[in-house]
Structure formats: C-alpha cells, structure tokens
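Participant:
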Amino acid sequence: MRPDFTTWKGAALTEMAVFLRCHRTVVLAVAFCFLPCITSSLNLEDPNVCSHWESYSVTVQESYAHPFDQIYYTSCTDILNWFKCTRHRVSYRTAYRRGEKTMYRRKSQCCPGFYENEEICAPHCAESCVHGRCMAPNTCQCEPGWGGSNCSSAAVSLCFLYCGLAKLNS
C-alpha cells in the first residue's frame, strides 16, 4: 500500500507543530527565569522593605482530548457495496488550545511611610526638612541651631535668653 499524500502532509504538520510548541516552551521558561530579576529591585532582608502577593495571568497551551468522527469499514451482507459496510465511531485525538492561568508572585515594596530611592527604602517626611534630614517617617533630625517639626525655626538656647536678659537688666 502506497502512503497517501494527505497522510504524509498531516504527519509533517504534526511534527512541525510539536517542534514549534517545544521551542515556545523553552522561550517561556527562559523568560520566567529572568522575571524575578526584572520585577523587583528591593531585597526583602533590607530594612523597611515589605511585600505582598500579586496575581498575574499567563497564557498557557494545554492539551485536551478532541473528539472526531472516525469512519471505518466492516464486512457485512450488503451485496451492493461488495460486502463492505460503512460504520462511524467517536474517537479522540490530542489537541491543543490556549488558556489563561493565574499565577502568584511575591512583590517587594517599601513599607508605609517609606519610598524607593535608588534601590533602598528611604523615610518620607510630609514636610521637607529645611535644615536637617528625614530620619524616620515624618521625623526630621535638625542641624545644630535649628528646631521645629521641619527644622525651619532657629533654635534659641536658654543660656542665650538668660544671658541676654541679664545684660539688658544691668
């Protein structure tokens, strides 16, 4: 029996589909290996770094049993068809379809009161520290001689006040 062209063509297409499917899987696997490096620059062990779970969708290719009508011939008593009768049965072949899969990943972010500044979580002060530094959320550390919640008030020492008043009274 000589191989039918449609059978050969179908086999070649099936082999091509398997080849492409395997290579696409490799590309997806490589992409997922580098995904954590791309998505987060903060380290959970660093101070003031918190995390939460984030969901995301991935397109996947899944296999399933696809039903089809298979025609076959049996011997029978039908003399008009040379004793061959046509029969049908439902058979299944493996087919592939695209689907969505929900995945979860841990995402690093700065804790409340902090913001990301060059891969570290720095404290955030609602008012800028005019003559000082923001040391904790909404807490300024003032330079010497300055005070107030945002280090904008000149600090007057008690000695200066006392000495100044003493000179005025004399």
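Take the sequence shown: its position 51, counted from the start at 1, is 51 in full-length UniProt numbering, and no numbers get skipped.
Here a beta-carbon is modelled for each residue, glycine too, at the ideal position from N, C-alpha and C.
Source: prediction; values computed, not measured.
(1) Roughly how many angstroms separate the alpha carbons of threonine 77 and phenylalanine 83, rounded to a whole number?
(2) Starting from the C-beta of glutamate 45, find all residues in its chain whose C-beta is less than 6 Å away, skip the five residues before and the five after it, and write them out in chain order.
(3) Have a look at Arg106, Arg93, Thr86, Leu80 and flag the residue whose alpha-carbon is nearest the alpha-carbon of threonine 74.
(4) May I have a chain-ordered list of the beta strand (DSSP E) segments no shorter than 3 residues that lie completely inside the UniProt domain "EMI" (46-123)?
(5) Indicate whether valine 60 and cysteine 111 have their beta-carbon atoms separated by less than 8 Å.
(6) With respect to the beta strand (DSSP E) encompassing cysteine 140, which residues constitute its N-terminal and C-terminal limits?
(7) State buried or exposed for glycine 132, treating a residue as buried only when at least 16 other CB atoms are found within 10 Å of its CB.
(8) Can you check whether the CB of cysteine 125 is closer than 8 Å to the CB of cysteine 140?
(9) Under 7 Å Cβ to Cβ from serine 64, same chain only, skipping five residues before and after it: list those, please.
(10) Could you give the C-beta distance for leucine 42 and glutamate 119, rounded to a whole number, given that I count them as a contact under 8 Å?
(11) Going by the beta-carbon positions, is the gap between valine 130 and lysine 101 smaller than 8 Å?
(12) Could you compute how far the alpha carbon of glutamate 116 sits from the alpha carbon of glutamine 109?
(13) State the start and end residues of the unbroken beta strand (DSSP E) segment that holds cysteine 129.
(14) Measuring alpha carbon to alpha carbon, tell me which residue in Val90, Cys151, Ser55 is nearest tyrosine 72.
(15) Where glutamate 54 and glycine 99 are concerned, what is the direct C-alpha to C-alpha distance, given to the nearest angstrom?
Facilitator: The answer reads as follows:
(1) The alpha-carbon atoms of threonine 77 and phenylalanine 83 are separated by roughly 5 Å.
(2) So no residue of the chain qualifies.
(3) With distances taken between Cα atoms, threonine 74 lies closest to Thr86.
(4) For the UniProt domain "EMI" (46-123), whole beta strand (DSSP E) runs of length 3 or above, ordered along the chain, are 49-75, 84-110, 114-117, 120-123.
(5) Not in contact: valine 60 and cysteine 111 (Cβ atoms no closer than 8 Å).
(6) Looking at the DSSP string, the run of the beta strand (DSSP E) that includes cysteine 140 is 139-142.
(7) Buried.
(8) Cβ distance < 8 Å, so cysteine 140 and cysteine 125 count as in contact.
(9) The amino acid occupying residue 64 in the given sequence is tyrosine; serine does not appear at that position. Only Ala95, Arg97 meet the Cβ criterion.
(10) 7 Å between Cβ atoms; contact.
(11) 8 Å or more divides the Cβ of valine 130 from the Cβ of lysine 101.
(12) The alpha-carbon atoms of glutamate 116 and glutamine 109 are separated by roughly 8 Å.
(13) Counting along the chain, cysteine 129 falls outside any beta strand (DSSP E), and DSSP gives it neither H nor E.
(14) Of the listed residues, the one whose Cα sits closest to tyrosine 72 is Val90.
(15) Distance between glutamate 54 and glycine 99, taken at the CA atoms: about 20 Å.
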